[in-house]
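Quick notes on the structure that follows.
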Amino acid sequence: LNRVLWLNEEDGLAHVQAGITGRELFDELNRRGYTMGHEPDSYEFSTIGGWIATKASGMKRAKYGNIEDIVVGIRAVGRDGIITDGISGEKGVTTA
Numbered sequence: 004l005n006r007v008l009w010l011n012e013e014d015g016l017a018h019v020q021a022g023i024t025g026r027e028l029f030d031e032l033n034r035r036g037y038t039m040g041h042e043p044d045s046y047e048f049s050t051i052g053g054w055i056a057t058k059a060s061g062m063k064r065a066k067y068g069n070i071e072d073i074v075v076g077i078r079a080v081g082r083d084g085i086i087t088d089g090i091s092g093e094k095g096v097t098t099a
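Just so we're on the same page, the working numbering is the position in the sequence shown counted from 1, plus 3.
Here's what the structure looks like:
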C-alpha cells in the first residue's frame, strides 16, 4: 500500500496508496518533473493516509493549501469491510 498507481500528466492528478510516505511520493513526483507542494515537517516518514487522517498542514500551505485542499478523492475500507468512496468538497473530503 505504498505506491503511486498512476499519474495523469494532462491534469496533474496522481492516484496513490495511503501507505506511501511523503519522501517516496516526493521522489516519484520529482523524478517525473512534478511537485506536490504539501510539506509537513514529518514528510520523510509520515504517510499520505496519516496526513489525511490528521488534516496535516505543511510549510507551503499559504500557496498550496492543507491536505484537505489538495486531495480530490479517497476510497477507504472500514473495519466492517464496507468500502466508502469520497470526493473533495469545499471543506475537504466528504463521503459520496
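No residue lacks a Cβ here, since even glycine has one placed at the ideal position from N, Cα and C.
Bear in mind the structure is a predicted one, so any value in this text is a computation, not a measurement.
Residue(s) in a DSSP beta bridge with residue i
i: W9; result: H18
i: D88; result: R78
i: T24; result: T50
From the options, residue whose alpha carbon lies closest to that of residue i
i: D72; options: A79, K63, R78; result: K63
i: S49; options: V80, D88, R26, I77; result: R26
i: R78; options: Y67, A56, G68; result: A56
i: T24; options: D83, D88, R6; result: R6
Sequence-distant residues of the same chain with beta carbon closer than 7 angstroms to residue i, five excluded per side
i: E42; result: G61, M62, K63
Proximity of residue i and residue j at Cβ, strictly below 8 angstroms
i: L8; j: R35; result: no
i: V19; j: I51; result: yes
C-alpha distance - residue i paired with residue j, whole-angstrom precision
i: S45; j: F29; result: 13 angstroms
i: G53; j: A59; result: 8 angstroms
i: L32; j: I85; result: 31 angstroms
i: A65; j: A21; result: 24 angstroms
i: V75; j: D14; result: 12 angstroms
i: L4; j: A17; result: 15 angstroms
i: Y37; j: E12; result: 9 angstroms
i: M39; j: G68; result: 11 angstroms
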